[in-house]
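In UniProt numbering, the protein residues as written are 1 to 715. For glycine and all other residues, C-beta sits at the position ideal for the given N, C-alpha and C. Notes for the one structure printed next.
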């Protein structure tokens, strides 16, 4: 059952040992009474046990209903064939109707009507149980109020507060009642088949109705219950008083993921100290001066805020600390905001793109000195392991302490700045200071001739898009399709044009983003043909792309099949379009939709390439793997670009020379760090008034805007 089932198995595997060795976890497991368990869950992963149990009950009823329908048809056919054989044997010539499906039941014997009534009964039961299960499985909007102390049974640390919310949710009680109702429905089936007279049938139906409807009503009542979520306001050094309530599948997945990761053994061979906020562990991570800095922290699903936290210090001998002179917001930060990425914790400092001035260096740092102006890649890699020696820094094996990632993905990425504890929980760069482990390996010096607004985006945007286009093998004369027209999509189009692409097709549903990118490409690359597909207007994207690439189009070989040569996925897997995927994501059956990937796969020519840069967190259903296999379409994951491989090359070849100027391509706004939380929401909503593509976020250490760069916008 997607990533959640995997996590549940891991929790159960180590539950006994942990309960025996950890008093906190022991109380977590054992303090719930049977009554508590019936109405309320005390362990977050139990939510998924009961959800799965209830959906299995629904599936069982569905299967029983389908079997009954089949039995009815078999009974009809047997009765009709028996009657026809009797007529043939006796030579009767009575007039009869033709054997049509509409009159089969009229000619059948007594069993077909019984199965028909039984099927009707099961259909009613199935619809009632399905409605109740959907209600308790899918989170609803709710209002919250503070309550202290917390509910008994939750081992919440001291100085932590609890938010009590009204919301729907499954419990042991709703699961048990669902199965009782399913059993009662089976009893109803048996009674419909067994009774021989109308009086007995009426009595049986009345009995079932009297018992069944209260059971369904009870599921609704228990489901609409008080549900507690925990907000870690245990940090006395963070100047924040707001609480976030995140009672939904994504937040519960975060809780499960964190619990599992803490129970696993830490990977061997690590040489990097993680820490998502110096204020969470001041003795280890914070500067002894207790100097405060402004930083953006995650406070729960759709909740970020700028707050005061402690300044970081040198922890490991290879560390550097920089004064941040520029940072930005990435499209992947929206996934953190939404709580899609596992292992987010309240108080985590976000931001994986930053640059600044070196303030302090560890004793083992040899290439850098205090005062150097540097750009940091989002990869935090050691620079010396097997993968790093091949410049594949995003696969470094020595910096990411998450054991959960091994289980989820079959291997770990490197650690990353400000991008959840799944990537080791490093404090990010959307702050006034940031600690960069392995400074010699993970930053490059910035020439004095290059302003911050041009250099900053080497940290991710330029590198990631360049890696995607290079890895996908875009070449002279190619038709390239780009799904998603944010900064990565813009640069995907630019790099493709520089590689010689002849025709670029842009896919998005925000018209101003499509228009903006068309304007950029027509201005800088007039020889490249550009088309757009707004998928709100063209519901079947593949058909529109087929029209735009039809045989003989634009003087091409008339025997060429329709489709793009290379499809670049620059969107993400969380944005479901259809109700099926929205439902599956809501109930935890998948973490990502396959709709966009299927569009790419079926819009790509045989033996073409699909390259994924948009973020996918876990598992997806309904992937058109048959099209890939039958037509030889190559699927490449290249979202976590190896920054070590490209940063210096892009700086020297494109930024210093002025061949690429981010301020002419995608840097749309300049905002202050204190306004970055507001910018998150406007950026995420693709607000049509400000039209933020990619902001430059200044701090108190930043220089004034350079010529041609956006001026400060106050939000």
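Check your understanding: From which residue to which residue does the alpha helix (DSSP H) around residue 545 run?
Key -> 541-548
Check your understanding: So is residue 241 buried or exposed if we call it buried at 16+ other beta carbons inside 10 Å?
Key -> Note on residue 241: pLDDT 30, under 50, position unreliable in the model; the coordinate value appears next. By the 10 Å Cβ count, residue 241 comes out exposed.
Exercise for review: Could you tell me the boundaries of the beta strand (DSSP E) in which residue 628 lies?
Suggested key: No beta strand (DSSP E) holds residue 628; the alpha helix (DSSP H) holding it covers 625-631.
Point to revise | Between the CA atoms of residue 121 and residue 783 - distance to the nearest angstrom | key: Outside the displayed range of the chain (1 to 715) lies residue 783, so it cannot be described from this structure.
Review point. Is the stretch 285-303 in contact with the stretch 431-443, if contact means three or more CB pairs nearer than 8 angstroms?
Key: yes
Review point. Nearest to residue 376 by alpha carbon, out of 352, 482, 332 and 464?
Key: 352
Check your understanding: Should residue 736 be labelled buried (16 or more other beta-carbon atoms within 10 Å of its own) or exposed?
Key -> Nothing can be reported for residue 736, as the shown portion of the chain is limited to 1 through 715.
Review point. For residue 444 versus residue 465, is the C-beta distance shorter than 8 angstroms?
Key: no
Review point. With distances taken from CA atoms, which of 72, 660 and 71 is nearest residue 498?
Key: 660
Point to revise | Three-state class that DSSP yields for residue 178 in the structure shown | key: helix
Exercise for review: List the residues that DSSP assigns as beta-bridge partners of residue 292.
Suggested key: 310
Practice item. Output yes or no for whether 8 angstroms exceeds the beta carbon distance between residue 596 and residue 627. Key: no
Point to revise | Separation of residue 712 from residue 380, as counted between CA atoms | key: 30 angstroms
Review point. What are the boundary residues of the beta strand (DSSP E) that includes residue 426?
Key: Taken as a continuous stretch (DSSP letters only), residue 426 belongs to no beta strand (DSSP E), as it is neither H nor E.
Exercise for review: Please report the residue range of the alpha helix (DSSP H) in which residue 599 lies.
Suggested key: 595-603
**Study point:** Opening and closing residue of the beta strand (DSSP E) in which residue 503 lies
**Key:** 503-508
Practice item. Would you identify the three-state DSSP class for residue 660, choosing helix, strand or coil? Key: coil
**Study point:** Buried or exposed by the 16-neighbour rule on C-beta atoms within 10 Å, applied to residue 213
**Key:** exposed
Check your understanding: Which residues in the same chain as residue 355 place their Cβ atom closer than 7 angstroms to its Cβ, once the five residues preceding and following it in sequence are excluded?
Key -> 325, 326, 374, 375, 376, 446, 452, 455, 456 and 459
Review point. Does the count of Cβ pairs from the stretch 520-536 and the stretch 682-699 closer than 8 angstroms reach three?
Key: no
Exercise for review: Would you check if the stretch 530-538 and the stretch 499-517 touch, i.e. whether three or more CB-CB distances between them fall below 8 angstroms?
Suggested key: yes
Check your understanding: Can you tell which of 320, 681 and 667 has its C-alpha closest to the C-alpha of residue 705?
Key -> 667
Review point. Buried or exposed: where does residue 404 fall if 16 or more other Cβ atoms within 10 Å of its Cβ makes it buried?
Key: buried
Review point. Which whole-angstrom value describes the C-beta separation of residue 382 and residue 286, a residue pair presumed to lie in contact below a C-beta threshold of 8 angstroms?
Key: Not a contact, Cβ separation roughly 24 angstroms.
**Study point:** residue 471 - containing alpha helix (DSSP H), residue span
**Key:** 461-472
Check your understanding: Secondary structure at residue 387, three-state DSSP: helix, strand or coil?
Key -> helix
Practice item. Name the one or two DSSP bridge partners that residue 298 has. Key: 304
Exercise for review: Would you tell me roughly how many angstroms separate the C-alpha atoms of residue 208 and residue 188, rounded to the nearest one?
Suggested key: 7 angstroms
Check your understanding: In three-state terms, what does DSSP make of residue 565?
Key -> strand
Exercise for review: Report, in whole angstroms, the separation of the C-beta atoms of residue 427 and residue 281, which I expect to be a contact under 8 angstroms.
Suggested key: Going by Cβ atoms, the distance from residue 427 to residue 281 rounds to 11 angstroms, so no, they are not a contact pair.
Practice item. Say whether the stretch 614-629 touches the stretch 645-663, bearing in mind that this needs 3 or more beta-carbon pairs closer than 8 angstroms, one atom from each stretch. Key: no
Check your understanding: Are the stretch 336-352 and the stretch 472-483 touching, with three or more C-beta to C-beta distances below 8 angstroms?
Key -> no
Practice item. Identify the continuous beta strand (DSSP E) that holds residue 695 and give its terminal residues. Key: 694-698
Review point. Alpha carbon to alpha carbon, how far is residue 175 from residue 216?
Key: 11 angstroms
Check your understanding: Which same chain residues, not among the five before or five after residue 477, have their C-beta less than 7 angstroms away from its C-beta?
Key -> 500 and 502
Practice item. Answer yes if the stretch 568-577 comes into contact with the stretch 328-345, meaning at least three C-beta pairs across the two stretches below 8 angstroms, and no otherwise. Key: yes
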